[in-house]
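First the structure, in the form of structure tokens, and then the observations on it.
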Ligand code: F0G
């Protein structure tokens, strides 16, 4: 039984799910497209089935991706799935972050709580499952760090050779450490992320290497579950906004598809709005938004938030579709605004890597501008774990000039010194 195919988002041309291709003959991107009528004939697609019951996968809790298996890769047998129980991430409420942003009804969904510390695992479980189903011997990606960490872990689990390309000097230490530790071959490219991405596309065409970047539509099928899981956690009460960072625009694309399908499946009856936040130095999507999406002008990207240091996003056309579906907007924030937001997210005891905190910086900017009302319900996505980029934390807190800097204090090995600091702290 075939439930799904690959379908061009522009001309609608269809291909078999087993075709190894990421673009149509017309040059546009492909979706994994599901025939809900035939899926529904075999599986319960009602939202009630999610309820309290904890779905199982190969004797383990299914996690937050495969609980939605019939809407991600319908018909795949359990044994075919390469999973580490991704998802089931927390939806935090924080008085401190609410107060700072001015957003009273804020929920922060922390995708840094995934197995390798970022949302990428949600997409990787689906794409590596497909890679194995296709009998691929090697998987590749270009990465600003998190994709390479995730690919490395899942390729190891699936026993497929992995090769990752990362831009020299622009990947945070936590992420590169993971790629090395999980045993994938890591190539440090003398170029930027967009150069790495170009090489990956060439490697696919010339060498037949299977890419696991978000141009691979199976990645986006897994990432859809971020939004579905948030809706489930909110008991299907649709928030007014989803706010999240945009780099290669995979999440923007996946989240739009998730909501579009949630309407098709009758899970929700209205669309929330999207606010995609880019770093000012890496903001081609923001610039395109300002010109009504008439053109995408690639940029030479530069930002402290290395995860989103991307100047030529591969998912641009899918992301534009998502913004049209959700009456969405794009905002940009400076590196200083990202660092300040990060200091607040961290000091609230939640913590996230810099790119994630673009979400919170953008939210504050949009509430201040009156575009997001302070009483509206907002789900903000934190995309990566605080420990991914420890250097950015050390740099911030050792430079005493920052407003929330909390540098360590050296003392003699004497109780009097401890007492002095303790009394200063409690007097404040
Ligand atoms: N946040 C984090 C922590 C990321 O690692 C990325 C992308 C994004 C946001 C942007 O998401 O591409 O879906 O718009 N990181 C990729 C990587 C590019 O290689 O790890 P997007």
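Numbering (the working numbering), first residue to last: 8 to 435. By construction, the Cβ of each residue, glycine as well, lies at the ideal position given by its N, Cα and C atoms.
Asked                                                                                                             : Found
Proximity below 9 angstroms, CB of residue 257 to CB of residue 220                                               : yes
The alpha helix (DSSP H) enclosing residue 44, as first and last residue numbers                                  : 43 to 49
Inter-residue Cα distance where the pair is residue 132 and residue 319                                           : 25 angstroms
Whole-angstrom distance between residue 237 and residue 55, CA atom to CA atom                                    : 15 angstroms
Any non-hydrogen atom of ligand 1 closer than 8 angstroms to residue 264 Cβ                                       : no
Uninterrupted alpha helix (DSSP H) stretches inside the segment 209 to 279 (no shorter than 4 residues)           : 224 to 240, 257 to 271
Alpha carbon of residue 78 to alpha carbon of residue 420, nearest angstrom                                       : 60 angstroms
DSSP bridge partner residues for residue 285 (one or two, in chain order)                                         : 339
Residue 114 in three-state terms, based on DSSP                                                                   : strand
Residue 399: CB within 8 angstroms of a non-hydrogen atom of ligand 1                                             : no
Contact set for residue 164: own chain, Cβ-Cβ below 6 angstroms, skip 5 residues either direction                 : 89
Proximal residues to residue 199 (C-beta, below 6 angstroms), its chain only, five neighbours per side dropped    : 174
Spatial distance of residue 259 from residue 67 (CA atoms)                                                        : 30 angstroms
Sufficient close CB pairs (3 or more, under 8 angstroms) joining the segment 343 to 360 to the segment 261 to 276 : no
Nearest-angstrom Cα separation, counted from residue 358 out to residue 155                                       : 22 angstroms
Residue 74 versus residue 80 - alpha carbon distance                                                              : 11 angstroms
CA nearest to the CA of residue 101, picked from 124, 51, 385, 21                                                 : 385
Cβ neighbour criterion (16 or more within 10 Å) applied to residue 302                                            : exposed
Any beta strand (DSSP E) of 3 or more consecutive residues that is wholly inside the segment 116 to 196           : 145 to 149, 168 to 174, 192 to 196
Alpha-carbon spacing of residue 323 relative to residue 292, whole angstroms                                      : 8 angstroms
7 angstroms Cβ shell around residue 30 - same chain, five flanking residues per side excluded                     : 36, 37
Cβ-based burial, residue 251 [other Cβ within 10 Å; buried from 16]                                               : buried
Exposure of residue 346, with buried meaning 16 or more beta-carbon neighbours within 10 Å                        : buried
Beta-ladder partner(s) of residue 84, from DSSP                                                                   : Bridge partners of residue 84: none, in fact.
Local Cβ density within 10 Å of residue 213, reported as buried at 16 or more and exposed below that              : exposed
Cβ contact (3+ pairs, closer than 8 angstroms) linking the segment 99 to 119 and the segment 387 to 396           : yes
Pairwise C-alpha distance: residue 18 and residue 111                                                             : 43 angstroms
Unbroken alpha helix (DSSP H) run spanning residue 423, endpoints                                                 : 422 to 434
8 angstroms contact criterion, which residue 362 and residue 308 should meet: CB distance rounded                 : Not a contact, Cβ separation roughly 12 angstroms.
Cβ-heavy atom distance, residue 311 to ligand 1, below 8 angstroms                                                : no
Given residue 32 as reference, the closest of 169, 14, 189 once Cα atoms are compared                             : 14
Beta-bridge pairing of residue 14 - partner residues as DSSP gives them                                           : 21, 38
Presumed contact (8 angstroms Cβ cut-off) between residue 481 and residue 159, rounded CB distance                : It is not possible to answer for residue 481, since the shown part of the chain is limited to 8 through 435.
Pick from 340, 231, 366 that is closest to residue 94, judged by C-alpha positions                                : 231
Cβ-Cβ distance between residue 233 and residue 96 below 9 angstroms                                               : yes
Residue 357 - DSSP class collapsed to helix/strand/coil                                                           : coil
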